[in-house]
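J.: Dumping the structure here so I can ask a few things about it.
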Amino acid sequence: MGRLQRTLSNVSEESGMDNGRVAVVGGSIDYPNQPAITGMAALRTGSDHVRALVAENIYEIVASHSPNLLTSYYAGERFSEDAVEQTLDICEWADALVIGPGLVDAETEAVCETIDGVDVPVVVDALAIEPALDADLSSAILTPSSSEDDPIRDGYGSLEAFTEETGAVITLTGGVDEIITGGERLRNETGTSAMTVAGTGDTMAGITASLLGQGMDRTEAAELGAWILGKSGELATAEYGPGVLATDVIERIPDTIR
1 MGRLQRTLSN
11 VSEESGMDNG
21 RVAVVGGSID
31 YPNQPAITGM
41 AALRTGSDHV
51 RALVAENIYE
61 IVASHSPNLL
71 TSYYAGERFS
81 EDAVEQTLDI
91 CEWADALVIG
101 PGLVDAETEA
111 VCETIDGVDV
121 PVVVDALAIE
131 PALDADLSSA
141 ILTPSSSEDD
151 PIRDGYGSLE
161 AFTEETGAVI
171 TLTGGVDEII
181 TGGERLRNET
191 GTSAMTVAGT
201 GDTMAGITAS
211 LLGQGMDRTE
221 AAELGAWILG
231 KSGELATAEY
241 GPGVLATDVI
251 ERIPDTIR
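Below, the structure is given as structure tokens:
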């Protein structure tokens with residue numbers, strides 16, 4: 001993993017004052033905090049700016065999380081085709097997009113139109129994974145947990161076949177994280193058993209998107225993202241034990257990168 005850490009250092013040095021901008025589309029009345037967790041993880045990984053685009057009815061909740069997080073809203077309570085143009089406009093500004101954290105009942109067409117319409121790498125997370133399977137995923141990293149990968153297996157037979165046929169990269173989170181790319185699996189063994197706490201998947205998505213926005217190759221971003229999350233979780237668990245929270249992990253990201 002030293003190779004990937006050196007890559008991160010090189011990206012930061014070469015990018016000068018610009019460490020990338022990340023857009024996050026997610027959230028719902030049931031899961032209003034997920035976009036903020038993802039956004040704060042991206043900021044702690046080094047992104048200069050993060051803008052969350054959320055439904056109007058949760059805008060105030062997301063915007064109140066941190067003055068460091070930029071927040072916009074689309075009309076209505078559901079991510080629909082009416083929100084696609086606004087999303088694409090934000091992605092003209094962004095260097096990477098995360099779509100999916102807490103995004104309940106998003107319209108399949110809207111998710112696909114968004115992914116197909118952007119010119120930046122995309123992290124497809126959680127509830128956006130199934131509707132995204134009809135999109136062009138050749139510039140995407142999917143970050144399912146072991147309970148969210150069934151639609152991929154059902155449609156393609158295996159995760160390896162999916163990555164070969166679509167060109168996507170997968171970060172499969174679990175007791176041991178696995179990165180699947182080009183039909184091959186890589187393992188990441190950092191992390192602790194306490195990291196089953198809610199929000200760590202959102203944190204992974206934010207870290208990974210930040211690395212993409214800083215110019216990393218997708219496979220390297222997936223590998224290093226899993227490693228950073230796990231190491232940050234180890235530092236947080238050493239302090240808080242089984243009571244560790246996703247926000248504790250996020251606060252340890254800078255120590256891990258250093």
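The sequence shown begins at 1 in full-length UniProt numbering and counts up by one. No residue lacks a Cβ here, since even glycine has one placed at the ideal position from N, Cα and C.
1. Going by DSSP, which residues form a beta bridge with Glu-178?
2. Let me know the beta strand (DSSP E) ranges lying completely inside the region 91 to 153, each 3 residues or longer, listed in chain order.
3. Given that a residue counts as buried once 16 or more other Cβ atoms are within 10 Å of its Cβ, and exposed if not, what is Ile-207?
4. Leaving out five residues before and five after His-49 in sequence, what residues of the same chain have Cβ atoms less than 6 Å from its Cβ?
5. How about Ala-55 and Ser-28: do their beta carbons lie closer than 8 Å?
6. What residues in its chain sit with their C-beta under 6 Å from that of Ala-96, if we drop five residues either side in the sequence?
7. Could you please give the first and the last residue of the uninterrupted alpha helix (DSSP H) stretch that includes Tyr-240?
8. For Thr-71, count the other beta carbons within 10 Å of its own beta carbon; 16 or more makes it buried, fewer makes it exposed. Which is it?
9. Can you tell me whether DSSP reads Arg-51 as helix, strand or coil?
10. If you reduce the DSSP assignment to three classes, tell me which class Ser-15 lands in.
11. Is the separation between the beta-carbon of Asp-116 and that of Asp-136 shorter than 8 Å?
12. So, is Val-73 buried or exposed, given that buried needs 16 or more other C-beta atoms within 10 angstroms?
13. What would DSSP say about Thr-71, mapped onto helix, strand or coil?
14. Give every residue of the same chain whose Cβ lies closer than 8 Å to the Cβ of Ile-37, excluding the five residues on either side of it in the sequence, and list them in chain order.
15. Pull up the CB-CB distance for Thr-192 and Gly-233, whole angstroms please, since I reckon it's below 8 Å.
16. Quick check on Val-244: does DSSP put it in helix, strand or coil?
17. What residue from Asp-105, Ala-94, Ala-132 and Ile-99 has the CA that sits closest to Cys-112's CA?
18. Buried or exposed: where does Pro-35 fall if 16 or more other Cβ atoms within 10 Å of its Cβ makes it buried?
19. Report the rounded CA-to-CA distance for Gln-86 versus Val-176, giving the unit in angstroms.
20. Can you tell me which of the three DSSP states Val-62 falls into?
21. Are Gly-182 and Glu-165 touching if we call contact CB-CB under 8 Å?
22. Given a cut-off of 8 Å on the beta-carbon distance, is the pair Ser-145 and Thr-173 in contact?
23. How far does the alpha helix (DSSP H) with Ala-161 in it reach, from first residue to last?
24. Count the other C-beta atoms from every protein chain shown that fall within 10 angstroms of the C-beta of Ala-126, then say buried if there are 16 or more, exposed otherwise.
25. To the nearest angstrom, how far is it from the Cα of Gly-167 to the Cα of Tyr-156?
T.: In short, the structure shows the following:
1. Indexing the sequence shown from 1 puts residue 178 at position 178. Its beta-bridge partners are Leu-172 and Arg-187.
2. 96 to 99, 122 to 125 and 140 to 143
3. Position 207 of the sequence shown, counted from the start, is the residue given in the question as residue 207. Label assigned to Ile-207: buried.
4. Residue mapping note: residue 49 aligns to position 49 of the sequence shown, counting from 1. Closer than 6 Å at Cβ, skipping near neighbours: Arg-21.
5. Within the sequence shown, the letter at position 55 stands for residue 55. Within the sequence shown, the letter at position 28 stands for residue 28. Yes, the Cβ-Cβ distance between Ala-55 and Ser-28 is below 8 Å.
6. Reading the sequence shown from its first residue, position 96 is the one you call residue 96. Spatial neighbours of Ala-96 in its own chain (CB-CB distance under 6 Å, excluding positions within 5 residues in sequence) are listed in chain order as Val-22, Val-120, Pro-121, Ala-209, Leu-212 and Gly-213.
7. Walking along the sequence shown from the start, residue 240 turns up at place 240. Counting along the chain, the alpha helix (DSSP H) containing Tyr-240 begins and ends at 218 to 240.
8. The residue given as residue 71 occupies position 71 in the sequence shown. Buried.
9. Here residue 51 is taken as the residue at index 51 of the sequence shown, counted from 1. Correct three-state label for Arg-51: strand.
10. The count along the sequence shown starts at 1 and reaches residue 15 at position 15. With a pLDDT of only 46 at Ser-15, under the threshold of 50, the placement of this residue in the model should not be trusted; the figure read from the coordinates follows. If DSSP states are grouped into helix, strand and coil, Ser-15 belongs with coil.
11. Stepping through the sequence shown from its first residue, residue 116 is reached at position 116. Stepping through the sequence shown from its first residue, residue 136 is reached at position 136. For Asp-116 and Asp-136, yes; Cβs fall inside 8 Å.
12. As a first step, residue 73 must be located in the sequence shown, where it is residue number 73. It is worth fixing the name first, because residue 73 is Tyr in this sequence and not Val. By the neighbour-count rule (16 or more Cβ atoms within 10 Å), Tyr-73 is buried.
13. Position 71 of the sequence shown holds residue 71. DSSP places Thr-71 in strand when its eight states are reduced to three.
14. In the sequence shown, counting from the first residue as 1, residue 37 sits at position 37. The residues are Pro-101, Gly-199, Asp-202, Thr-203, Gly-206, Ala-246, Thr-247 and Ile-250.
15. Here residue 192 corresponds to residue number 192 of the sequence shown, with the count starting at 1. Here residue 233 corresponds to residue number 233 of the sequence shown, with the count starting at 1. Contact flag correct, Cβ pair sits at about 6 Å.
16. Numbered from 1 along the sequence shown, position 244 holds the residue referred to as residue 244. The DSSP-derived three-state label of Val-244 is coil.
17. As a first step, residue 112 is located in the sequence shown; it is residue number 112 there, counting from the start. With distances taken between Cα atoms, Cys-112 lies closest to Ala-132.
18. Taking the sequence shown and counting its residues from 1, the one referred to as residue 35 is at position 35. Burial call: buried.
19. For this step, residue 86 is matched to residue 86 along the sequence shown. For this step, residue 176 is matched to residue 176 along the sequence shown. Cα to Cα, Gln-86 sits roughly 37 Å from Val-176.
20. Residue mapping note: residue 62 aligns to position 62 of the sequence shown, counting from 1. In this structure, Val-62 counts as helix in the three-state DSSP scheme.
21. In the sequence shown, residue 182 corresponds to position 182, counting from 1. In the sequence shown, residue 165 corresponds to position 165, counting from 1. Cβ distance not < 8 Å, so Gly-182 and Glu-165 don't count as in contact.
22. Taking the first residue of the sequence shown as 1, we reach residue 145 at position 145. Taking the first residue of the sequence shown as 1, we reach residue 173 at position 173. Cβ atoms of Ser-145 and Thr-173: closer than 8 Å.
23. Counting from 1 along the sequence shown, the entry for residue 161 is found at position 161. Its alpha helix (DSSP H) spans residues 159 to 166.
24. Translated into the one-based positions of the sequence shown, residue 126 becomes position 126. Buried, by the Cβ-count rule.
25. For this step, residue 167 is matched to residue 167 along the sequence shown. For this step, residue 156 is matched to residue 156 along the sequence shown. Annotation: Gly-167 to Tyr-156 spans about 13 Å, alpha carbon to alpha carbon.
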